[in-house]
Each structure stands twice: as structure tokens, then as C-alpha cells.
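In full-length UniProt numbering, the protein residues as written are 1 to 150.
Don't be surprised by glycine CBs; every beta carbon is placed ideally from N, CA and C.
Keep in mind the model is a prediction, meaning the values are calculated, not measured.
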Amino acid sequence: MSVIMANAIGTGIFCCLWQGVGSALGLATWIGFVGCTSYFSAGCGKTGFIKSMCSNYTGLLWGMLIILSGGINNTIIFGAVVTGFFSWLIVFQSHIDVLSMVPNTFMGGFSAFASGGDWKMLLICLLLGNILGVSCDYSGRFLFKKFGKE
């Protein structure tokens, strides 16, 4: 079994479980897939998990602040300035190592918009999604170690 096949099998199994269990529990499973994708793009492992979570949750915070700012002033100009400021902030904060995953921060932010600002669901599902990523990653490693060939 190749590394790719081992990873594909582990990912298929755990994504199937997440979709089934998450749906049965009334969770927004798509948000979990955001977290899972974020974990892989952050490089996997402990460091990837930490960077992914910090970036996702920071993006969620910025997204919620953008949503809340709409109550201050809902003009197009104000919305554009707020969007520009937070986009700048997301890129600027990347000089901090745990916040260096700019795409993952944007994923947390756009998830806030897509969920209609359901931050409680986002907190839960982003965490579970990142755990899903860990499960996919380590199950693939396990399968390759057990059955793999280079």
C-alpha cells in the first residue's frame, strides 16, 4: 500500500464518520471540513494543529467583529473600509508564528459569514474539524506503517 492510498483510506473512513455522526447530532459538518482542510494546510502534526486552531479562531473573531460592525453603519463605504482593515489585520498578524496561516484565518472569517454568525457552532465544529484532520492524518500514518511499501 502506498502512502497516498493509506492516507486516502484513513481520510475516507474518518470523513464518512464525521459526516454521519455530525449530521445525526445536528452539527454543521461543512464547518468541520473547513477545520480539517485548515489542519492539513498548516502542515499537520502538533504544530499544524496549534497554528490551524489559532488561525481559525482568530479569523472567527475578526469575522464576528465585521458582522457586528454592520450594526454601527451599514453603508457600502463603511463596509468596504471595515473589510479592508480586517483583511490588512489578518495579513499583518501573520508575523506571529501561531497566526502565520493567512488562508486559515480567512477560512475562520468567511465561516463566520457563511454560518450567519453562529459563533458557538463555529467554535465546536472548527475544533472537531481540526480533530478530524488529526484523525485522518494519523490513521493514514498508522495504515502505512502497518501495511505500506515505498
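Member of the options whose CA lies at the smallest distance from the CA of residue i
{"i": "Y39", "options": "I77, T83, K51, S111", "result": "K51"}
{"i": "F86", "options": "A6, S69, A8, G32", "result": "S69"}
{"i": "F133", "options": "L123, F49, L27, V3", "result": "Checking the displayed sequence, the identity of residue 133 turns out to be Gly instead of Phe. Of the listed residues, the one whose Cα sits closest to G133 is F49."}
{"i": "T37", "options": "R141, K149, C125", "result": "C125"}
{"i": "G108", "options": "Y138, M53, H95, V98", "result": "M53"}
{"i": "T47", "options": "F144, F147, K146, N130", "result": "N130"}
{"i": "T105", "options": "G12, T75, S94", "result": "S94"}
Burial state of residue i, where buried means 16 or more other Cβ atoms lie within 10 Å
{"i": "C16", "result": "exposed"}
{"i": "M1", "result": "exposed"}
{"i": "I31", "result": "buried"}
{"i": "W18", "result": "buried"}
{"i": "G45", "result": "exposed"}
{"i": "T58", "result": "buried"}
{"i": "A42", "result": "buried"}
{"i": "S23", "result": "exposed"}
Three-state class that DSSP yields for residue i in the structure shown
{"i": "S55", "result": "helix"}
{"i": "D137", "result": "helix"}
{"i": "T75", "result": "coil"}
{"i": "S23", "result": "helix"}
{"i": "A8", "result": "helix"}
{"i": "A42", "result": "coil"}
{"i": "I66", "result": "helix"}
{"i": "M1", "result": "coil"}
{"i": "D118", "result": "coil"}
{"i": "S94", "result": "helix"}
{"i": "A80", "result": "helix"}
{"i": "S100", "result": "coil"}
{"i": "G32", "result": "helix"}
{"i": "K145", "result": "helix"}
Distance between beta carbons of residue j and residue i, contact taken as under 8 Å
{"i": "L60", "j": "A112", "result": "5 Å"}
{"i": "G117", "j": "A6", "result": "Incorrect: roughly 39 Å between the Cβ atoms, too far for contact."}
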